[in-house]
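Worksheet: one structure, shown below.
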Ligand code: ATP
Ligand code: LTN
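Numbering (my numbering), first residue to last: -14 to 319.
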């Protein structure tokens, strides 16, 4: 708890530009939760190093993701938005917690197995210990809840195991965090292949709608979305393309599947796709505009980063000192 509020923690990797999967699956939920909790949202730039990156591109992506947090509606006066690498306590705690995590646990992680297969020429130790750093992100702020996509749930379970193991030895040092899996937009699928999740690393760029795409591009991408040869707009497992478009439309409007079915009863796929495209473009337009303003206001963004880094450091250092003392490291002489 900070004051009378529970603590919420989440982060995104600093990889490229955000798409509507990131927005409807994560950011939009973050914004909805931001009043209720004391929130910390990091840009996980250290995690991004587990895959070989161009330095200039990484630096740019990191700043863009932070600006996107603000543009999407996270008020930086109330929500602590910051760069993970700017708070050294993350990396320091990660070393200690590595010593409380078993190799067997890390080897079992699905993401490690997937990424090792995908980047077989660079299976570095960071890829393996990635979840330990993620656990430290969360534990440093004594977070109660962590909104994540389903793909990150296994990492959260590991976080709980490591924290419980540490607490069992040293007393109640860490709060045990709960995952929060959002319901709307939890899995936005590719527009070209609705059985695959929408992903920025997709070779077919028409399958991905970016938050910064302009209105015409968004409408064009939705018009080309793969559906089926039927014409009815109904939510059904054997119509994955329409299901995906209905999920997206539902996330953008707050409408239920029944309401969407009624709205488009008797209309064809063309009308529906156009409506989804226009609605998504309207939701994204103010975010894009705010992002462009922020891009021009370097001084403001820099001051937000400075203030929030100080705030994050204060809470992170407090936990780190406690852990260092518990395990028997000497007091730091300044
Ligand atoms: P990509 O495959 O595009 O690189 P990612 O999963 O690596 O995507 P991250 O930056 O790691 O993207 O994820 C940021 C957040 O966005 C996470 O909470 C993740 O669960 C969510 N997310 C990513 N893609 C989707 C999607 N297609 N649908 C819903 N949520 C998504
Ligand atoms: N691994 C996460 C990003 C991430 C994160 C975190 C999420 C890094 N640290 C702490 C929640 C809490 C991902 O790839 N989406």
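Using N, Cα and C, we set each Cβ at its ideal position, and we do this for glycine too. This one's a predicted model, so the numbers in the text were calculated from it and none came from an experiment.
Residues 46, 185 of the same chain have their beta carbon placed closer than 7 Å to that of residue 1, with the five preceding and five following residues left out of the count. Annotated as proximal: residue 112 and residue 100, with beta-carbon spacing under 8 Å.
Under the three-state reduction of DSSP, residue 252 is assigned to coil, being neither helix nor strand. Using a cutoff of 7 Å, the CB of residue 0 counts as near the ligand ATP, since one of the ligand's heavy atoms is closer than that. Listed in chain order, the alpha helix (DSSP H) runs fully inside the stretch 286 to 319 amount to none, counting runs of at least 4 residues. Inter-residue distance for residue 292 and residue -5 is about 19 Å (C-alpha atoms, whole angstroms). In this model, residue 319 and residue 119 are separated by some 28 Å (Cα to Cα). Taken through DSSP and simplified to helix, strand or coil, residue 127 comes out as coil. Within the same chain, and ignoring the five residues on either side of residue 163 in sequence, the residues whose Cβ sits closer than 8 Å to its Cβ are 129, 130, 131.
Looking at the backbone, the Cα of residue 181 and that of residue 174 are separated by about 6 Å. For a cut-off of 8 Å, the C-beta gap from residue 218 to residue 249 is around 4 Å, short enough to register as a contact.
With 16 or more other Cβ atoms from the protein chains shown falling within 10 Å of its own Cβ, residue 35 counts as buried.
Secondary structure of residue 185 (DSSP, three-state): coil. Under the Cβ criterion (8 Å, minimum of three pairs), the stretch 70 to 90 does not count as touching the stretch 252 to 260.
Shortest gap from the CB of residue 196 to any heavy atom of the ligand LTN: 7 Å or more. A distance of 8 Å or more separates the beta carbons of residue 42 and residue -8. Where residue 164 is concerned, there is no enclosing alpha helix (DSSP H), although the beta strand (DSSP E) around it starts and stops at 163 to 165. The way I'd put it, the stretch 9 to 18 doesn't touch the stretch 139 to 153; fewer than three beta-carbon pairs between them come closer than 8 Å. Here the distance from the Cβ of residue 308 to the nearest heavy atom of the ligand ATP is not below 7 Å. Where residue 91 is concerned, the enclosing alpha helix (DSSP H) starts and stops at 88 to 92.
Uninterrupted beta strand (DSSP E) stretches at least 3 residues long and entirely within the stretch 48 to 122 occur at 65 to 68, given in chain order. Put simply, of 109, 103, 220 the residue whose alpha carbon is nearest the alpha carbon of residue 246 is 220.
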